[in-house]
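J.: Here it is, the structure, as structure tokens.
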Amino acid sequence: MVSLKALPLSPIPRLNKLLQSAVNPVLISVHPSFATEIANGRKRVEFRRRWPRIETDVAVIYATSPVKSIVAVVQIDEVVQAGNAKLWELSKAYGGSVTRATLRDYMSGLEQGVALLLGQRFCPKHILSPKDVFGDSFVAPQSFRYLHAEEIDAVVECFGSEK
Numbered sequence: 000m001v002s003l004k005a006l007p008l009s010p011i012p013r014l015n016k017l018l019q020s021a022v023n024p025v026l027i028s029v030h031p032s033f034a035t036e037i038a039n040g041r042k043r044v045e046f047r048r049r050w051p052r053i054e055t056d057v058a059v060i061y062a063t064s065p066v067k068s069i070v071a072v073v074q075i076d077e078v079v080q081a082g083n084a085k086l087w088e089l090s091k092a093y094g095g096s097v098t099r100a101t102l103r104d105y106m107s108g109l110e111q112g113v114a115l116l117l118g119q120r121f122c123p124k125h126i127l128s129p130k131d132v133f134g135d136s137f138v139a140p141q142s143f144r145y146l147h148a149e150e151i152d153a154v155v156e157c158f159g160s161e162k
């Protein structure tokens, strides 16, 4: 289960500035245990089998079932496309929260995978339901989806609310 009690409160003006200047911000679905590690700052790299070639520098982290919550907004400092050996080195250096075997299995069948090197992170004051942020028609993305301007505004507003 995701525990946000020990997480730092979001400095809303900095979050707002980051999101308003973001290049193609995305919502990404992440397994709950990894989402918690990202939110707590222990996991500073997120692995993906595929990633768009379009530049993106901010990700809203959605913890998948059973948590089903928005747990953080993170800056993407760098996107690295590499083979398993390099990805494993990045995992060791950036706290990937996976074993070598798990990473190898996840990247099975690919010549190269993707590592998102994560920087500055912001966590909500409380657990955020994606329906509170994105509306009742919210459907979690399989991997990721781009965010629209109205959704970015809603993220900032919900992060600052006292619900």
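123 is the number that numbering that gives the first Met the number 0 gives to position 124 of the sequence shown; each next residue is one higher, with no gaps. Positions of the beta carbon are idealized from the N, C-alpha and C atoms, including for glycine.
Counting only the same chain and skipping the five closest in sequence on each side, list residues whose C-beta sits under 8 Å from that of P24.
T.: Cβ within range, chain order: L18, T55, D56, V57, A58, V59, Y145, L146, I151.
J.: With burial defined as no fewer than 16 other Cβ atoms inside 10 Å of the residue's Cβ, what is the status of P12: buried or exposed?
T.: A residue is called buried when at least 16 other Cβ atoms come within 10 angstroms of its Cβ; P12 does not meet this threshold and is exposed.
J.: Skipping 5 residues on each side, what residues in its chain have a beta carbon closer than 6 Å to that of R41?
T.: G94
J.: From this set, V66, N83, P123, S96, which residue's C-alpha is nearest F33's C-alpha?
T.: S96
J.: So, using beta-carbon positions, are A139 and T63 closer together than 8 Å?
T.: yes
J.: Check whether the Cβ atoms of V79 and L89 lie closer than 8 Å to each other.
T.: yes
J.: Short of 6 Å in beta carbon distance, which residues of its chain neighbour S28, apart from the five on each side in sequence? Order them along the chain.
T.: Y61, T63, A139, P140
J.: Where does L8 land, buried or exposed, given buried means 16+ other C-beta within 10 angstroms?
T.: In this prediction, L8 scores a pLDDT of 44, lower than 50, which makes its location untrustworthy; the coordinate-derived value is nonetheless stated afterwards. When all chains shown are included, L8 counts as exposed.
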